[in-house]
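Asks:
Residue numbers (our numbering): 335 to 410.
Below you can see the structure in the form of structure tokens.
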């Protein structure tokens, strides 16, 4: 998990959004982690989604389900 200073560095390096940087500086880490993807997107559009994905990488990974039928088929 990244820290608040690391997150600010990431924003400065990749997103370059002063309003987002100010919001991250203003709120506590707990508050930032509890913002939903929808809230980030509402206030910061695609930059907000990118930030949410950076904060919550496990929740953005796609779950792959493989359905394998292991029953032997009877031949006629």
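For each residue, glycine too, the CB sits at the ideal point set by N, CA and C.
Return the residue from the list 384, 378, 389, 387 that minimises the CA-CA distance to residue 352.
Replies: For the residues 384, 378, 389, 387, the minimum Cα distance to residue 352 belongs to 378.
Asks: Taking 6 Å as the limit between beta carbons, can you name the residues of its chain near residue 386, skipping five residues before and five after?
Replies: So the qualifying residues of the chain are 371, 374.
Asks: For residue 349 and residue 357, what's the separation of their Cα atoms in angstroms?
Replies: Taking the straight line from one Cα to the other gives about 13 Å.
Asks: DSSP three-state call for residue 335: helix, strand or coil?
Replies: The answer is coil: DSSP assigns residue 335 none of H, G, I, E or B.
Asks: Residue 388 and residue 344 - do their beta-carbons sit closer together than 8 Å?
Replies: For residue 344 and residue 388, yes; Cβs fall inside 8 Å.
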